[in-house]
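According to this note's numbering, the sequence shown is numbered sequentially starting from 9.
Since the structure comes first, as structure tokens, the remarks are kept for the end.
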Amino acid sequence: MSYKKKSTRTIKSGRRREKWTDILPRYLTFISHMRPILRETRRLIIHLDADLLLDTEILDKIRQEEEKRNIRKVRALSEFSAMYRSNVYEIIKDFIIKYREKIPIIDIKDYIIEFLHESVDALNALRHITTPDEINLENTYLYQIVKFIEEKLFPRGSNLKIIYKNLLDHSPDFYECQRYLLQPHTYYRERLESPDYFEIPGISPKVYQLINNITSFFNLDPNFGEFPEHQNYEIPMLLKNDVFLPYIDSIANAEEEAIKSIAERIGLRLIDGIFLAPQRDFVEILLENNYLRENKQTDGTIRLLPQFSNETLFLYYLSFAAQRRGFLSKELINWISMNFAFLIYMGILKWKLSDENIFYTIFKDLQTNEKVLPYLMKLVCFPNYLGLDKMKIRDSVQYRKEIFNFIGSQIDNLKDFITEIANYCNKFDKKRN
């Protein structure tokens, strides 16, 4: 009698690692329902006599008839479609009421049709942002836009020096975006010193203040000490207590405990347990970019004098995170992927929609963002793109609302970057076609 021996191997339970073929259809789900609503609305407006638009009750009747036709949908899709259609018609009604005394109704009709045409075009681009099988990957919008953003905000490179130089080259135009990428609004969840030594958190306001103060101390009144790796050289040093003691009671208790971790992330090290000084590799980067200059002393010693700028230490932190992107904290991965998804989404909208388009608001609405961006966040995390751990993307509805709420508080530099992305999309599209 034969039998199989029961396996004694235990398998740890947990979330299944989602594949590309799992996430892409979810990303497309709501886009695929938004598009036909706009197309059908456009068709109805085209065939509607312009004078009838003056009676906005007619639009309400058309919308109600359209809602009756939509059956056999799961509840979430049905509710979203009803919300989306209702918003579309309310926007059209508001536009008519606002301008019917100022613009001929035939022109109002033409504007509405044109705005609907642009909106359908934008959804077409979002729908065909990539391919299901990732064939001809480099010819997709998703790949090209991710690489365009990545080069400026979160570049790859074989070493820190290359990454730092790349960031520095783009910092005159995009430093505010670079800084923003490292400052998640959910920083209060972060632990500066994790049991997992390799985990890199984002920069909290406290750490940001400390970095600014360290920069000031280096520029104004540093100490100097022997460069451990180079004889006859002196490097700038700060007393650790000068940096932290003034803030211990107010902001810096946890930060002082995590000083070694913070120092490593901004290119510094502790010497003799009391001095903060640049690491050897960072000294090379600083010299190359004129953040340190050599000054020969009377005894023949060469002293390296600091002349730091605001981004000197900050860009090292960003370089450090970009190089070790496989070890980012959950909060930082969510923040970085959300910003990439947002920039891609808004860049495509900016490319396809005119600034006057009345439907812009519906694309930027939080209810729409919640349906599209979480899956776009996961798509950009795959190895061919950002190479982040998508398993750390939070699926909690409450967390999505929390993190997406900050999308509305754009900085001007982000708006400028969105315009750059839109221009790049246009050039890439012409080249591809």
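Ideal Cβ placement from N, Cα and C applies to all residues, glycine included.
Identity of the residues DSSP links to residue 285 by a beta bridge
In the sequence shown, residue 285 corresponds to position 277, counting from 1. Paired residue(s): 277.
Taking the Cβ atom as the reference point for each residue, do residue 188 and residue 341 lie within a distance shorter than 9 Å?
Numbered from its first residue, the sequence shown carries residue 188 at position 180. Numbered from its first residue, the sequence shown carries residue 341 at position 333. Cβ atoms of residue 188 and residue 341: not closer than 9 Å.
Say whether the segment 389-400 touches the segment 307-316, bearing in mind that this needs 3 or more beta-carbon pairs closer than 8 Å, one atom from each stretch.
With the rule of 3 Cβ pairs closer than 8 Å, the segment 389-400 does not count as touching the segment 307-316.
Could you pull out every residue in the same chain whose Cβ sits closer than 7 Å to the Cβ of residue 431, ignoring the five residues on either side in sequence?
Here the question's residue 431 lines up with position 423 in the sequence shown. Cβ neighbours of residue 431 beyond the five flanking positions: none.
Assign residue 334 to one of three DSSP states: helix, strand, or coil.
On the sequence shown, position 326 is the one that residue 334 refers to. In the structure shown, residue 334 sits in a helix (DSSP, three-state: H, G or I).
Apply the 10 Å Cβ neighbour rule to residue 230 and answer buried if 16 or more other Cβ atoms are within range, or exposed otherwise.
Residue 230 sits at position 222 when you count from the first residue of the sequence shown. Taking a 10 Å sphere around the C-beta of residue 230, we find 16 or more other C-beta atoms and assign the residue as buried.
N-terminal and C-terminal residue of the beta strand (DSSP E) that residue 232 is part of:
For the purposes of this step, residue 232 is taken as the residue at position 224 of the sequence shown. From DSSP, the beta strand (DSSP E) with residue 232 extends over 231-234.
In its own chain, which residues sit with a C-beta less than 7 Å from the C-beta of residue 102, not counting the 5 before and 5 after it?
Counted from its first residue, the sequence shown places residue 102 at position 94. So the list is empty, once near-sequence residues are dropped.
Residues of its chain near residue 195, where Cβ-Cβ distance is below 8 Å and the 5 sequence neighbours each way are ignored
In the sequence shown, residue 195 corresponds to position 187, counting from 1. The answer, listed in chain order, is 209, 210, 211, 212, 213 and 339.
For the 8 Å Cβ check, are there 3 or more pairs between the segment 84-94 and the segment 33-43?
yes
Using a Cβ-Cβ cutoff of less than 8 Å, which residues in the same chain neighbour residue 94 once the five nearest sequence positions on both sides are dropped?
Counted from its first residue, the sequence shown places residue 94 at position 86. Cβ neighbours of residue 94 beyond the five flanking positions: 71.
Can you tell me whether residue 200 is helix, strand or coil according to DSSP?
Position 192 of the sequence shown, counted from the first residue, corresponds to residue 200. Here residue 200 sits in coil by DSSP.
Residue 276 to residue 243, Cα distance in whole Å?
Within the sequence shown, residue 276 is the residue found at index 268, counting from 1. Within the sequence shown, residue 243 is the residue found at index 235, counting from 1. Their backbone Cα atoms lie some 12 Å apart in a straight line.
Residue 233 versus 73, 312, 34 and 142, residue with shortest Cα-Cα distance:
Within the sequence shown, residue 233 is the residue found at index 225, counting from 1. The shortest C-alpha separation from residue 233 is found at 312.
Can you list, in chain order, the residues of its chain with a C-beta nearer than 8 Å to that of residue 409? Leave out the 5 residues immediately preceding and following it.
Taking the first residue of the sequence shown as position 1, residue 409 is located at position 401. The residues are 374 and 378.
Have a look at residue 58 and residue 181 and give me their C-alpha separation to the nearest angstrom.
As a first step, residue 58 is located in the sequence shown; it is residue number 50 there, counting from the start. As a first step, residue 181 is located in the sequence shown; it is residue number 173 there, counting from the start. Residue 58 and residue 181: Cα-Cα distance of roughly 47 Å.
Within 10 Å of its beta-carbon, does residue 20 have 16 or more other beta-carbons around it, so buried, or fewer, so exposed?
Numbered from its first residue, the sequence shown carries residue 20 at position 12. With a pLDDT of 46 at residue 20, under the threshold of 50, the predicted position of this residue should be treated as unreliable, though the coordinate-derived value follows. Exposed, because fewer than 16 other Cβ atoms sit within 10 Å of the Cβ of residue 20.
Just mark residue 206 as buried or exposed, buried being the case when its beta carbon has 16 or more other beta carbons within 10 Å.
Against the sequence shown, residue 206 aligns to sequence position 198. Counting Cβ neighbours within 10 Å, residue 206 comes out exposed, since fewer than 16 surround it.
Environment of residue 224 [buried if 16+ CB atoms lie within 10 Å]
Counting from 1 along the sequence shown, the entry for residue 224 is found at position 216. That one is exposed.
According to DSSP, simplified to helix, strand and coil, what is residue 211?
Translated into positions along the sequence shown, residue 211 becomes position 203. Looking at residue 211 - three-state DSSP - the assignment turns out to be coil, as it is neither helix nor strand.
Just grab the DSSP bridge partners of residue 303 for me.
Reading the sequence shown from its first residue, position 295 is the one you call residue 303. Paired residues: 311.
DSSP state of residue 18 mapped onto helix, strand, coil:
Position 10 of the sequence shown, counted from the first residue, corresponds to residue 18. Summary for residue 18: the model assigns pLDDT 44, below 50, so the residue's position carries little reliability; its value from the coordinates is reported in the next sentence. In this structure, residue 18 counts as coil in the three-state DSSP scheme.
Specify the secondary structure class of residue 175 as computed by DSSP and reduced to three states.
Walking along the sequence shown from the start, residue 175 turns up at place 167. Helix.
Could you tell me how far apart the beta carbons of residue 330 and residue 388 are, in whole angstroms, since I believe they sit closer than 8 Å?
As a working note, residue 330 is residue 322 in the sequence shown. As a working note, residue 388 is residue 380 in the sequence shown. The beta-carbon separation of residue 330 and residue 388, rounded to 14 Å, does not stay under the 8 Å limit for a contact.
Please determine if the segment 398-414 and the segment 134-142 are in contact, where contact requires at least 3 C-beta pairs separated by less than 8 Å.
Remark: fewer than three beta-carbon pairs, one from each stretch, lie closer than 8 Å, so the segment 398-414 and the segment 134-142 are not flagged as touching.
Own chain partners of residue 197 with C-beta closer than 7 Å, once the 5 adjacent residues on each side are dropped:
Residue numbering aside, residue 197 sits at position 189 when the sequence shown is read from its first letter. Cβ within range, chain order: 339.
Using the Cα positions of residue 13 and residue 25, report the straight-line distance between them to the nearest angstrom.
One-based indexing of the sequence shown puts residue 13 at position 5. One-based indexing of the sequence shown puts residue 25 at position 17. Residue confidence for residue 13 is low, a pLDDT of 46 falling below 50, so the modelled location carries little weight; the figure read from the coordinates is stated next. For residue 13 and residue 25, the distance between alpha carbons rounds to 29 Å.
Three-state class that DSSP yields for residue 140 in the structure shown
Residue 140 sits at position 132 when you count from the first residue of the sequence shown. Coil, per DSSP.
Limits of the unbroken alpha helix (DSSP H) element including residue 158:
On the sequence shown, position 150 is the one that residue 158 refers to. Start and end: 149-161.
Could you check how far apart the C-beta atoms of residue 150 and residue 171 are, in whole angstroms? I think they sit under 8 Å.
On the sequence shown, position 142 is the one that residue 150 refers to. On the sequence shown, position 163 is the one that residue 171 refers to. The pair is not a contact, with the Cβ atoms about 23 Å apart (cut-off 8 Å).
Residues near residue 283 in its chain [Cβ-Cβ closer than 6 Å; skip 5 each side]:
For the purposes of this step, residue 283 is taken as the residue at position 275 of the sequence shown. Excluding positions up to five away in sequence, the list reads 245.
C-beta contact flag for residue 360 and residue 166 at 9 Å
To locate residue 360, count along the sequence shown from 1; it is residue 352. To locate residue 166, count along the sequence shown from 1; it is residue 158. No. Outside cutoff.
Helix or strand or just coil, what does DSSP make of residue 393?
Here residue 393 is taken as the residue at index 385 of the sequence shown, counted from 1. Residue state, collapsed to three classes: coil.
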